[in-house]
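Input: a single structure, listed below in structure tokens.
Residue numbers (this note's numbering), protein chains in the order written: chain X, 1 to 145; chain F, 1001 to 1148.
Here's what the structure looks like:
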């Protein structure tokens, strides 16, 4: 069985690359574990952090300012040797689109989540731009090709 | 246990435009010790054992997949449904493992009983080491041999 329970604390193999508390890096799914392993074990990744950055955003459902903890902060070297810094959010493809569920209640719930996510991602994209970074959403299509 | 490292091509390398095939993964190769097959195992037993193993593996894989999917469901109602389904897979895996264990226990018992009977038949010139029933069986066998 591959890693019997997909939930727990990630043990770093290259702690020098991690920015943040190295003893409490959790993962809640096999997707997060996959990302953690990739970032930790690829030598082109210079620095990374998990949920280490809080970005303020206005929640559309109540109009209040909330904090959005973006999944990953990653600094890496691409194949041309350019150093890039990105904020990465890992989400299922389904949650990045407007819901077309047949059930009206489910559709309403999913579209509310979508609207909140859109506000978070807009704030993250602006934050990244201000710092000369970029923001991207990674779905299962990129993660498990 | 032998710990080695190897490089693999990770899908994220393409997504982030990173040199392909540079992700290092640790590989732990466990030394597999082959158990000598029990003489009591026939082809049917092996088939049953293989089928149970397949059920166990399928159930554990599905358990992991369903539980991972459940993490991304924000609606608690649907998350619970998926988690319940995951528990169902875990029960299936547990039952398959139990069946395999019972199967082995039964075969071991039969094997021990057979060994006991065989050892009781081996008679030293002066000494027989066996329990009362085995001695009686051995004597009966000797009687039969003499009569024949």
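We put the beta carbon where it would ideally sit given N, CA and C, even for glycine. Computed from a predicted model, the values in this text were never measured in an experiment.
Judged by beta-carbon spacing, residue 17/X lies beyond the 9 angstroms limit of residue 1019/F, meaning their Cβ atoms are not closer than that value.
Membership of residue 31/X in any beta strand (DSSP E) is not indicated; the residue belongs instead to the alpha helix (DSSP H) covering 30-41. Taking C-alpha positions only, residue 1135/F is separated from residue 1112/F by approximately 17 angstroms.
Residue 143/X is a Cβ neighbour of residue 1012/F, given a cutoff of 9 angstroms. A check of alpha carbon separations from residue 119/X across 12/X, 63/X and 130/X identifies 63/X as the nearest. Secondary structure of residue 1064/F (DSSP, three-state): helix. Non-local C-beta neighbours of residue 1096/F in its own chain, meaning closer than 7 angstroms and more than five positions away in sequence, comprise 1052, 1055, 1056 and 1059, ordered along the chain. Against residue 113/X, the close residues of chain F are 1074 and 1075, in the order they occur along the chain (beta-carbon pairs closer than 9 angstroms).
At a cut-off of 9 angstroms, the C-beta of residue 1048/F has no neighbouring C-beta in chain X.
In the three-state reduction of the DSSP assignment, residue 49/X falls in the strand class. If you ignore the 5 residues before and after residue 49/X, its C-beta comes within less than 6 angstroms of the C-beta of 19, 20 and 73, all in its own chain and listed in chain order. Residue 1075/F is classed as exposed because its beta carbon has fewer than 16 other beta carbons within 10 Å across all chains shown. Note that the C-beta distance between residue 75/X and residue 84/X is below 9 angstroms. Under the Cβ criterion of 9 angstroms, residue 1019/F is counted among the residues facing chain X.
Cβ atoms of residue 93/X and residue 140/X come within 8 angstroms of each other, at about 6 angstroms. Taking the CA atoms as reference points, residue 91/X sits about 39 angstroms from residue 1100/F. In its chain, beyond the 5 residues on either side, 111 and 114 have a beta carbon closer than 7 angstroms to the beta carbon of residue 98/X.
The C-alpha of residue 69/X is placed about 19 angstroms away from the C-alpha of residue 34/X.
Look at residue 127/X here: in three-state DSSP terms it is helix.
Across the stretch 53-78 of chain X, CB contacts with chain F closer than 9 angstroms involve 74, 76, 77 and 78, in sequence order along the chain.
For residue 135/X, DSSP records a beta bridge to 87/X. Residue contact with chain X for residue 1091/F: absent (no Cβ-Cβ distance below 9 angstroms to any residue of chain X).
Interface criterion met: the Cβ of residue 1067/F is under 9 angstroms from a Cβ in chain X. If you compare the alpha carbons of 65/X, 106/X and 39/X with that of residue 1073/F, the shortest gap goes to 106/X. Under the three-state reduction of DSSP output, residue 99/X falls in the coil class, being neither helix nor strand.
Residues of the stretch 29-49 of chain X whose Cβ lies closer than 7 angstroms to any Cβ of chain F, in chain order: 29, 30, 31, 38, 41, 42, 43 and 44.
Chain X has no Cβ within less than 9 angstroms of the Cβ of residue 1097/F.
DSSP places residue 1045/F within a helical segment (H, G or I) once states are collapsed to three.
Measuring C-alpha to C-alpha distances from residue 1021/F to each of 1007/F, 1130/F and 1140/F identifies 1007/F as the nearest. With a threshold of 16 other beta carbon atoms within 10 Å, residue 54/X falls short and is exposed. According to the DSSP assignment, residue 1135/F belongs to the alpha helix (DSSP H) that extends over 1132-1147.
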